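Engineer: Below you will find the structure I want to go over with you.
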Ligand code: MTE
C-alpha cells in the first residue's frame, strides 16, 4: 500500500514500480538473455542462484501439511492457474512487519502458538477459540480464489479454510448486530511497523470490517491454510480473512478478535486515508483510486515478461458478481 503523504504525486504508485521479485523469474530472465544473444551467463547464473536461495529460505516458513481437505467444487477453478507459491508467499503486504513487499522473513517473528481468537459483542454465544479449534472445529475445504490488491496487482491463491458463515452459526449474532470488526495481532515489541514512508502515529492494531450480510455471503472465508499447508506467517497465520470480491486490504491477517457491533467500525486504511481506501472497497474497474486507474491489473507470476507484468482488464467484484452483486443493489 502506498501512503499518500510521503510520495509525491508524480511518482508511480508502488503497484506500478518494478517489483523486486521480478528479478527471480528465472525462466523468463534466462530466456530474455538468450533471446538478446548476449553473453551474460554469469548474470543469469546469479539470478538462478538467487531464485533457488529464495525457494529454500521460503521453505522454512511454510506451515504443516493439511491432509484430507476436499476442494470445493464451486471454487475449484478461478479461470487462471494458481500463482506459484514462491511468488505469493514472498510478495506480501503486512505493515506490522514493515512497509516493503519483502517482509516474509520479518513476519517469522509472529508468535502463533498458543493462539487465542475471541468472538465478542452482539452474539448469543461469545466464544474463545484456540489454535487447534481453528483447524478442527470447522470442516475445512480448499477454495481457489482470485485475489486483487488495491495497488492493481493480482494473484490466484488456493486457500484452505472454512466459510465465515460457519463461525456465525456457532456464535449466533443477535438481531442488533449490523457490522463486524476484525482485529489483527498487535504487540509493539513484536510488530514494529514500517520504519519509513508512513506517519509515526498509525492506527494500530490493524482492523477491518464487514456488514453482517457480507460476512454471511457464500464467498466470505477464513483461511487457516494455503497451498496445502497451514498458513505461513507472512500470509497472516494462523487465521486471516479472505473476501475475494474486495480489495486485498479488507482481508485482515492474524485475527485475534471478531466483534459483532451495531455501527460501522473504524478500520485501519480507511482511518488513515478515507478517500483512498473506502470501507466497502469492492473491486471496481470504473472507480479509479485517486492516484491511479483500476481499469487494469497486473498478474503476478512466472508468465509475465521480464520487468513488466502481464496486464488484464479488472472485472467488477473481481469476477464474483453472481455471488455478491445482490448485496449492493441500490
Ligand atoms: N492484514 C494486516 N494485519 N496487516 C496488513 O498490513 N495488508 C493487507 C491484507 N491484510 C495487511 C493485512 C493488504 S494491503 C493486502 S494486499 C493483503 O493483506 C496481502 O495479503 P498476502 O500478503 O497474503 O498476499
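Residue numbers (the working numbering): -6 to 323.
For each residue, glycine too, the CB sits at the ideal point set by N, CA and C.
A quick note: this is a predicted structure, and the numbers were derived from the prediction, not measured.
Residue 215: beta carbon under 7 Å from a heavy atom of ligand 1?
Structural biologist: For the purposes of this step, residue 215 is taken as residue 222 along the chain shown, with counting starting at 1. No; taking the cut-off as 7 Å, the Cβ of residue 215 has no heavy atom of ligand 1 nearer than that.
Engineer: So what does DSSP say about residue 64, is it helix, strand or coil?
Structural biologist: Counted from its first residue, the chain shown places residue 64 at position 71. Looking at residue 64 - three-state DSSP - the assignment turns out to be strand.
Engineer: How close, in whole Å, do the beta carbons of residue 331 and residue 287 come, if the pair is a contact with beta carbons under 8 Å?
Structural biologist: Residue 331 cannot be examined here, being either before or after the span of the chain that is shown, -6 to 323.
Engineer: For residue 236, which residues from the same chain have a beta carbon less than 8 Å from its beta carbon, with the 5 sequence-adjacent residues on both sides left out?
Structural biologist: Taking the first residue of the chain shown as position 1, residue 236 is located at position 243. 203, 207, 212, 213, 214, 243 and 244.
Engineer: Below 8 Å on the Cβ atoms is my contact criterion, and I expect residue 164 with residue 252 to pass it. Report the Cβ-Cβ distance as a whole number of Å.
Structural biologist: Within the chain shown, numbered from 1, the residue matching residue 164 stands at position 171. Within the chain shown, numbered from 1, the residue matching residue 252 stands at position 259. Not really, about 11 Å apart at Cβ, beyond 8 Å.
Engineer: Just the Cα atoms here: how many angstroms apart are residue 91 and residue 190?
Structural biologist: For the purposes of this step, residue 91 is taken as residue 98 along the chain shown, with counting starting at 1. For the purposes of this step, residue 190 is taken as residue 197 along the chain shown, with counting starting at 1. Approximately 10 Å between the Cα atoms of the pair.
Engineer: Given a threshold of 16 other Cβ atoms within 10 Å of its Cβ, counted over all protein chains shown, does residue 52 qualify as buried or as exposed?
Structural biologist: Numbered from 1 along the chain shown, position 59 holds the residue referred to as residue 52. Result: exposed.
Engineer: Evaluate the contact criterion for the stretch 219 to 237 versus the stretch 142 to 162: three or more CB pairs, one atom per stretch, below 8 Å.
Structural biologist: In short, these stretches touch, since the Cβ pair count reaches three.
Engineer: Tell me where the alpha helix (DSSP H) around residue 128 begins and ends.
Structural biologist: Here residue 128 refers to the residue found at position 135 when the chain shown is read from its first residue. Unbroken alpha helix (DSSP H) run through residue 128: 124 to 129.
Engineer: Let's test the definition: count the other Cβ atoms within 10 Å of the Cβ of residue 187 and tell me whether it reaches 16, buried, or not, exposed.
Structural biologist: Sequence index remark: in the chain shown, residue 187 carries index 194 (1-based). Buried, because 16 or more other Cβ atoms sit within 10 Å of the Cβ of residue 187.
Engineer: Using a Cβ distance threshold of 8 Å, determine whether the stretch 156 to 163 contacts the stretch 178 to 185, with at least three qualifying pairs required.
Structural biologist: The stretch 156 to 163 is not in contact with the stretch 178 to 185.
Engineer: Taking the alpha carbon of residue 312 as the point to measure from, which residue in 141, 227, 192 and 156 has its own alpha carbon closest?
Structural biologist: By one-based count along the chain shown, residue 312 stands at place 319. When only C-alpha atoms are compared, the closest one is 141.
Engineer: Got a sec, what are the start and stop residues for the beta strand (DSSP E) residue 109 sits in?
Structural biologist: Here residue 109 refers to the residue found at position 116 of the chain shown. Per DSSP, residue 109 belongs to the beta strand (DSSP E) from 109 to 114.
Engineer: In chain order, which alpha helix (DSSP H) runs of at least 4 residues are fully inside the stretch 226 to 265?
Structural biologist: Those alpha helix (DSSP H) runs which fall completely within the stretch 226 to 265 and span 4+ residues are 261 to 265.
Engineer: Secondary structure at residue 316, three-state DSSP: helix, strand or coil?
Structural biologist: Walking along the chain shown from the start, residue 316 turns up at place 323. Of the three classes helix, strand and coil, the one that applies to residue 316 here is helix, per DSSP.
Engineer: From residue 200 to residue 259, what distance separates their C-alpha atoms?
Structural biologist: Against the chain shown, residue 200 aligns to sequence position 207. Against the chain shown, residue 259 aligns to sequence position 266. Looking at the two C-alpha atoms, the distance is approximately 8 Å.
Engineer: For the pair the stretch 120 to 128 and the stretch 268 to 280, tell me if three or more CB-CB distances fall below 8 Å.
Structural biologist: Contact between the stretch 120 to 128 and the stretch 268 to 280 is absent, because fewer than three Cβ pairs lie under 8 Å.
Engineer: Measure the alpha-carbon distance for residue 249 versus residue 88 and round it to whole angstroms.
Structural biologist: Mapped onto the chain shown, residue 249 falls at position 256. Mapped onto the chain shown, residue 88 falls at position 95. Each residue's Cα considered, the two are about 16 Å apart.
Engineer: How long is the line joining the alpha carbons of residue 78 and residue 86, rounded to whole angstroms?
Structural biologist: As a working mapping, residue 78 is identified with position 85 in the chain shown. As a working mapping, residue 86 is identified with position 93 in the chain shown. Straight-line Cα distance between these residues: approximately 15 Å.
Engineer: DSSP three-state label for residue 201, please.
Structural biologist: On the chain shown, residue 201 is found 208 positions in, with the first residue counted as 1. Looking at residue 201 - three-state DSSP - the assignment turns out to be strand.
Engineer: Indicate, with yes or no, if ligand 1 has a heavy atom lying under 7 Å from the CB of residue 282.
Structural biologist: Along the chain shown, one-based indexing puts residue 282 at 289. Not under cutoff, so the answer is no.
Engineer: Mind checking residue 307: buried by the 16 CB within 10 Å criterion, or exposed?
Structural biologist: Taking the chain shown and counting its residues from 1, one reaches residue 307 at position 314. Buried, because 16 or more other Cβ atoms sit within 10 Å of the Cβ of residue 307.
Engineer: Quick check on the burial criterion: 16 or more other C-beta atoms within 10 angstroms. Buried or exposed for residue 61?
Structural biologist: Counting from one through the chain shown, the residue named residue 61 turns up at place 68. Burial call: exposed.
Engineer: Here's the rule: buried if 16 or more other CB atoms are within 10 angstroms of the residue's CB, otherwise exposed. What is residue 193?
Structural biologist: Residue numbering aside, residue 193 sits at position 200 when the chain shown is read from its first letter. By the neighbour-count rule (16 or more Cβ atoms within 10 Å), residue 193 is not buried but exposed.
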